[in-house]
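In what follows, a structure is listed as structure tokens, so that the remarks can point back to it.
Protein chains: 2
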Amino acid sequence: MISIPEAQDIVLSHTRPLGAVTVGLAGALGRVLAEEVRAPDSLPPFPASIKDGYAVVAADGVGEFPVVGESRAGHLDQLPVAPGSVAYITTGAPVPPGADAVVQVEDTEKLPDGEGSQRRVRICKAAKAGQDIRPVGSDITEGDTVLQAGERVGVAEMGILATVGAVSLKVHATPRVAVLSTGDEVVDPSTAPLGPGQIRDANRAMLLAAAAKAGAEVVDMGVARDTEGHLEGCLAAAIEQRVDVLITSGGVSMGDRDLIKPLLAREGTIHFGRVRMKPGKPLTFATLTLPQQGGRQMLVFGLPGNPVSSFVCFHLVVLPALRKMGGWAEPQLRRVAARLAVDIKLDPERPEYHRCTLQWGPPPLGSTPPPPHEASAHGAAGLGSMELWAVSTGNQISSRLLSARSANALLEIPCASGVIKAGSLVSALLIDDLGGMPVPPGGVPVTPGF
Amino acid sequence: MISIPEAQDIVLSHTRPLGAVTVGLAGALGRVLAEEVRAPDSLPPFPASIKDGYAVVAADGVGEFPVVGESRAGHLDQLPVAPGSVAYITTGAPVPPGADAVVQVEDTEKLPDGEGSQRRVRICKAAKAGQDIRPVGSDITEGDTVLQAGERVGVAEMGILATVGAVSLKVHATPRVAVLSTGDEVVDPSTAPLGPGQIRDANRAMLLAAAAKAGAEVVDMGVARDTEGHLEGCLAAAIEQRVDVLITSGGVSMGDRDLIKPLLAREGTIHFGRVRMKPGKPLTFATLTLPQQGGRQMLVFGLPGNPVSSFVCFHLVVLPALRKMGGWAEPQLRRVAARLAVDIKLDPERPEYHRCTLQWGPPPLGSTPPPPHEASAHGAAGLGSMELWAVSTGNQISSRLLSARSANALLEIPCASGVIKAGSLVSALLIDDLGGMPVPPGGVPVTPGF
Ligand SMILES: [Mg+2]
Ligand SMILES: [Mg+2]
Chain A
1 MISIPEAQDI VLSHTRPLGA VTVGLAGALG RVLAEEVRAP DSLPPFPASI KDGYAVVAAD
61 GVGEFPVVGE SRAGHLDQLP VAPGSVAYIT TGAPVPPGAD AVVQVEDTEK LPDGEGSQRR
121 VRICKAAKAG QDIRPVGSDI TEGDTVLQAG ERVGVAEMGI LATVGAVSLK VHATPRVAVL
181 STGDEVVDPS TAPLGPGQIR DANRAMLLAA AAKAGAEVVD MGVARDTEGH LEGCLAAAIE
241 QRVDVLITSG GVSMGDRDLI KPLLAREGTI HFGRVRMKPG KPLTFATLTL PQQGGRQMLV
301 FGLPGNPVSS FVCFHLVVLP ALRKMGGWAE PQLRRVAARL AVDIKLDPER PEYHRCTLQW
361 GPPPLGSTPP PPHEASAHGA AGLGSMELWA VSTGNQISSR LLSARSANAL LEIPCASGVI
421 KAGSLVSALL IDDLGGMPVP PGGVPVTPGF
Chain B
1 MISIPEAQDI VLSHTRPLGA VTVGLAGALG RVLAEEVRAP DSLPPFPASI KDGYAVVAAD
61 GVGEFPVVGE SRAGHLDQLP VAPGSVAYIT TGAPVPPGAD AVVQVEDTEK LPDGEGSQRR
121 VRICKAAKAG QDIRPVGSDI TEGDTVLQAG ERVGVAEMGI LATVGAVSLK VHATPRVAVL
181 STGDEVVDPS TAPLGPGQIR DANRAMLLAA AAKAGAEVVD MGVARDTEGH LEGCLAAAIE
241 QRVDVLITSG GVSMGDRDLI KPLLAREGTI HFGRVRMKPG KPLTFATLTL PQQGGRQMLV
301 FGLPGNPVSS FVCFHLVVLP ALRKMGGWAE PQLRRVAARL AVDIKLDPER PEYHRCTLQW
361 GPPPLGSTPP PPHEASAHGA AGLGSMELWA VSTGNQISSR LLSARSANAL LEIPCASGVI
421 KAGSLVSALL IDDLGGMPVP PGGVPVTPGF
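Respectively, the protein sequence lines represent chains A and B.
Mapping of the first sequence onto the UniProt record's numbering: position 52 corresponds to residue 52, and the numbering continues sequentially without gaps.
Mapping of the second sequence onto the UniProt record's numbering: position 252 corresponds to residue 252, and the numbering continues sequentially without gaps.
What follows is the structure in structure tokens.
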């Protein structure tokens with residue numbers, strides 16, 4: 001049996017980034033750029049005031065001056081500023097020719113108008129040349145690469161694209177993903193009451209949501225019966241839909257109606273069909289080459305039917321593949337270390353991907369605090385006992401989907417005998433945004449010393 | 001001037017969770033439940049096999065047995081299993097009456113058929129009673145609360161909802177958010193080439209994306225000119241659109257065309273108009289009570305025009321408000337500690353919200369490693385120098401939106417003189433998903449010892 005790192009390598013070696021498509025700016029959020037973006041002009045495009053105040057000749061220093069003009073953002077009626085005069089200026093407005101500094105309004109004093117209603121102001125604080133002026137190109141220089149190919153477009157990047165006028169962009173296509181549940185016992189979630197021997201389909205809603213959250217375009221393929229004919233028809237329908245990826249759940253165990261592996265062996269190449277992991281051992285990965293569609297390749301992930309197994313397998317092997325297709329340069333799950341809140345019993349046969357909730361703060365209620373020598377070392381660093389804690393989601397049996405409730409990480413629990421004691425540092429793979437992680441009683445903790 | 005924690009408290013004290021709406025299961029992802037969800041039936045609803053193999057009477061032990069029936073998932077042709085006989089069974093299938101354990105197929109051996117084509121099997125390993133059977137209700141008991149009101153629906157929760165047949169759900173409504181840019185100098189991102197004195201509107205695309213990413217329904221209000229009449233019209237249009245929140249950018253400085261504060265003072269109540277922070281000092285928050293709409297309340301955030309200021313202010317004060325409206329019980333930004341990769345100069349006048357990229361691993365290239373006594377303390381804990389590092393995004397001037405590029409956290413840099421040395425622990429507010437954080441050269445690091 002191969003390990004999960006080996007399985008991940010095999011999957012990624014058979015996965016290629018999808019080609020580029022053109023989208024408008026509004027469609028760029030979350031996508032990965034397929035080309036670099038350059039600035040067609042400088043920012044600011046003119047010497048711009050950083051403050052509301054007066055554009056001055058710095059050498060003039062303090063004193064009383066006539067206000068000979070006004071420069072407001074977006075307006076062009078700029079008189080040149082000669083030595084011995086100033087111009088009113090607003091934030092973001094062009095500094096008029098002749099002026100070489102801005103004095104903020106707080107450092108000035110309005111004076112009564114002079115002869116011929118000439119406006120006048122007292123400059124109370126001498127300016128240095130260049131003060132409160134953003135020179136042309138100081139934020140972005142014309143021709144600069146502002147974003148690289150391969151960067152993901154987040155909130156700030158949306159603003160950067162808008163700033164440089166990048167309103168039409170080449171980004172990687174998002175994968176099309178079909179999700180199929182299998183099993184004669186599996187019925188639609190809307191079924192009530194359940195008939196004898198039936199269970200509701202948890203996997204399809206979950207995997208569709210997981211793929212959509214990863215940015216994929218999803219296709220709901222329903223539930224397949226445990227017959228060769230029906231499964232073949234479902235596979236053909238997924239191909240017909242031109243999906244890049246088919247995710248199935250169920251049908252990969254050792255029963256006489258587990259027909260997914262034989263089907264994939266007939267129609268394509270199975271790269272692995274068992275992985276040394278808990279949960280998820282029968283995880284299967286195959287590729288199909290489709291001569292009827294120009295020889296293109298489709299990936300098929302045969303996930304186990306147990307909902308927790310399919311949850312874990314999705315995150316460990318399918319998610320990195322979807323990210324790579326979508327153009328992520330680093331598609332692997334990110335890893336951090338966290339301190340274990342409770343003892344975890346080791347499994348001597350398989351490494352376990354233990355669902356947990358990471359939270360930052362003091363030791364969680366009911367946890368064993370870290371050994372004294374470590375606590376004091378942290379105390380010396382000003383952190384006290386504030387750190388990232390891994391709180392188990394409880395009973396990890398693979399049918400119990402409640403063990404994935406609120407989970408934001410998978411602990412990598414090595415295969416060994418005995419227990420890992422509470423207070424130990426463990427490795428955690430991030431599967432959800434820590435920006436929504438649980439908050440300890442008393443609110444979001446403040447770092448001591450800040 | 002108030003502080004950011006004070007500003008956050010004021011904003012949240014004027015913000016209420018929105019009422020409940022009913023959505024189908026497919027629309028529940030990312031939403032917050034407005035009611036608890038209970039299981040209408042037990043899971044499994046019948047004693048279910050965990051393995052493919054044979055349902056046996058445990059007391060029979062090892063030996064050769066006739067196979068008197070088959071129990072396949074989703075099929076009901078179950079003969080009772082009497083002592084001295086077994087039944088074939090597949091994973092997830094009901095354990096037939098009479099049987100009290102399952103022996104996995106790996107621990108059995110097929111035998112030649114007996115008299116009358118009777119199928120026979122050898123049980124090679126004695127079973128304990130209850131072995132490899134999930135009792136009724138062992139995962140979920142009928143009537144259990146599987147999800148609480150106030151929980152956010154993530155990927156696993158979608159599966160849990162499907163499992164219990166919760167296909168119609170009460171969730172908190174998502175806020176409707178209008179975004180308006182202001183400024184006579186501000187033109188649409190599609191403008192090329194720029195006219196004299198013009199700059200492209202970065203804020204609108206960025207804030208629309210930020211609000212959408214936070215789950216809001218967004219309304220693009222365009223760019224307002226710097227006139228009272230146009231601004232009043234834009235505010236009226238936002239009210240007409242029945243938005244819960246209006247976010248403006250620009251027009252809150254001290255210039256004579258900064259008309260947002262006077263407008264909000266006329267039409268509603270300004271709760272604050274200056275905050276002790278860098279960047280973002282002119283940040284403004286107001287509420288409007290709308291008699292023409294049943295007295296409902298609308299929040300208005302007047303963000304500064306500088307793109308970085310509006311980026312920072314959105315995350316610090318608008319995002320928690322949007323989360324609270326959407327039903328988050330803990331809407332505040334989450335905080336972690338991270339080790340600073342480079343020196344940061346302190347500002348003696350205002351605390352700084354320094355944009356940075358958090359990454360986990362060894363000290364980043366070009367960083368100063370932590371002082372030896374701390375490094376060794378961590379080494380003793382088995383972590384080596386792997387930890388969360390805060391890498392500055394560079395020059396933090398508030399016009400330079402490139403300082404928000406790739407930022408996933410805001411460092412809370414206290415107001416003081418001098419520098420914070422590289423290697424110090426600093427407090428960081430999470431503003432993006434660490435699941436996509438930068439990976440150090442050499443790939444995602446493995447925790448030493450695992
Ligand atoms: Mg099955
Ligand atoms: Mg303005």
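Backbone N, C-alpha and C fix where the C-beta goes; we use that ideal spot for every residue, glycine too.
In this text the structure is predicted, and so the values were computed from the model without any measurement.
Mind checking if A/A224 is an interface residue toward chain B, Cβ cutoff 9 Å exclusive?
Cβ-Cβ to chain B under 9 Å: no for A/A224.
In this structure, how does DSSP classify B/P372 when only helix, strand and coil are distinguished?
In this predicted model, B/P372 has a pLDDT of only 46, less than 50, meaning its place in the structure is not dependable; the value taken from the coordinates is given anyway. If DSSP states are grouped into helix, strand and coil, B/P372 belongs with the helices.
Looking at the unbroken beta strand (DSSP E) that takes in B/V312, where does it start and where does it end?
Careful: B/V312 lies outside any beta strand (DSSP E), inside the alpha helix (DSSP H) at P307 to C313.
Residue ranges of each beta strand (DSSP E) run of no fewer than 3 residues wholly in the stretch 108-149 of chain B, ordered along the chain?
Taking only runs of at least 3 residues, the beta strand (DSSP E) segments lying wholly in the stretch 108-149 of chain B are 108-111, 120-123 and 145-147.
Which same chain residues, not among the five before or five after B/E109, have their C-beta less than 8 Å away from its C-beta?
If we look at B/E109 and ignore the five residues flanking it on each side, its Cβ neighbours are V121, R122 and C124.
Does the distance between the C-beta of B/T182 and the nearest non-hydrogen atom of ligand 2 fall short of 8 Å?
Yes, the Cβ of B/T182 comes within 8 Å of a heavy atom of ligand 2.
Quick one: is A/S3 near chain B, going by C-beta distance under 9 Å?
Judged by the 9 Å Cβ criterion, A/S3 is not in contact with chain B.
Look at the Cβ atom of A/P331, then the Cβ atom of A/A416, and state whether they are nearer than 9 Å.
For A/P331 and A/A416, no; Cβs fall outside 9 Å.
Using a beta-carbon distance below 9 Å, is A/R266 in contact with chain B?
Not closer than 9 Å to any Cβ of chain B, the Cβ of A/R266 fails to qualify, so no.
Which word fits B/V11, buried or exposed, when buried means at least 16 other C-beta atoms lie within 10 angstroms of its C-beta?
Looking at its Cβ environment, which holds 16 or more other Cβ atoms inside 10 Å, B/V11 is buried.
Roughly how many angstroms separate the alpha carbons of B/V243 and B/G150, rounded to a whole number?
Approximately 23 Å, taken between the alpha carbons.
Check each candidate in B/V177, B/G165, B/A211 and B/P80 and name the one with the smallest Cα separation from A/P189.
Of B/V177, B/G165, B/A211 and B/P80, the residue nearest in Cα terms is B/G165.
Should A/T15 be flagged as near chain B, meaning a C-beta pair shorter than 9 Å?
Taking Cβ atoms only, chain B never reaches closer than 9 Å to A/T15, which makes this a no.
Does the contact criterion of 3 or more C-beta pairs under 8 Å hold for the stretch 39-51 of chain A versus the stretch 85-94 of chain A?
Output reads yes: the stretch 85-94 of chain A touches the stretch 39-51 of chain A.
With a 10 Å radius around its C-beta and 16 neighbouring C-beta atoms as the bar for buried, classify residue 453 of chain A as buried or exposed.
Not covered by the structure: residue 453 of chain A. The range shown for chain A is 1 to 450.
In this structure, what does DSSP give as the bridge partners for B/T284?
DSSP, once it has assigned bridges, lists B/G302 as partnering B/T284.
According to DSSP, is B/P66 part of a helix, a strand, or is it coil?
Strand at B/P66.
With a threshold of 9 Å between beta carbons, is A/I199 in contact with chain B?
Judged by the 9 Å Cβ criterion, A/I199 is in contact with chain B.
With a cut-off of 8 Å on the beta carbons, I'd call B/T141 and A/A202 a contact; round off their distance for me.
B/T141 to A/A202, Cβ: 17 Å. No contact.
How is A/C234 classed by DSSP in three states: helix, strand or coil?
In the structure shown, A/C234 sits in a helix (DSSP, three-state: H, G or I).
Heavy atom of ligand 2 less than 8 Å from the Cβ of residue 511 of chain A, yes or no?
Nothing about residue 511 of chain A can be read from this structure; chain A reaches only from 1 to 450.
Only counting the same chain, and skipping five residues up and downstream in sequence, which positions put a Cβ closer than 6 Å to that of A/D432?
Correct list, in chain order: N408.
If you run the structure through DSSP and keep just helix, strand and coil, what is B/D9?
DSSP places B/D9 in helix when its eight states are reduced to three.
So, is the C-beta of B/M221 closer than 9 Å to a C-beta in chain A?
Answer no: the Cβ-Cβ gap between B/M221 and chain A never drops below 9 Å.
When every heavy atom of ligand 2 is checked, does at least one fall within less than 8 Å of the C-beta of B/R276?
For ligand 2, not one heavy atom lies less than 8 Å from the Cβ of B/R276.
If you reduce the DSSP assignment to three classes, tell me which class A/I239 lands in.
In this structure, A/I239 counts as helix in the three-state DSSP scheme.
If you drop the 5 nearest sequence neighbours on each side, which residues of the same chain put their C-beta closer than 6 Å to that of A/P360?
The displayed chain sequence assigns Trp, not Pro, to residue 360 of chain A. Around A/W360: L388.
Just to confirm, are B/P45 and B/V136 a CB contact at a threshold of 9 Å?
Going by C-beta atoms, B/P45 is nearer than 9 Å to B/V136.
Residues in the same chain with beta-carbon distance under 6 Å from A/V103, minus the five sequence neighbours each way, listed in chain order, please.
Here the set comprises G53, Y54, V56, I123 and A127.
Please confirm whether any heavy atom of ligand 1 lies closer than 8 Å to the CB of A/E240.
No, Cβ of A/E240 sits at least 8 Å from all heavy atoms of ligand 1.
Give the interface partners of B/E142 over in chain A, defined as CB-CB distance under 7 Å, in chain order.
Those do not exist, as B/E142 stays about 11 Å from chain A at its closest Cβ, beyond 7 Å.
Residue range of the alpha helix (DSSP H) that B/M386 falls in?
Neither: B/M386 is in no alpha helix (DSSP H) and is coded neither H nor E.
How is B/T22 classed by DSSP in three states: helix, strand or coil?
Strand at B/T22.
From the DSSP output, in three-state form, read off A/V86 for me.
A/V86: strand per DSSP, three-state reduction.
If you draw a straight line from the alpha carbon of B/Q118 to that of B/P66, how long is it in whole angstroms?
Between B/Q118 and B/P66, the C-alpha separation is close to 7 Å.
In its own chain, which residues sit with a C-beta less than 6 Å from the C-beta of A/V37, not counting the 5 before and 5 after it?
Excluding residues within five positions, the ones whose Cβ falls inside 6 Å are V146, L147 and A166.
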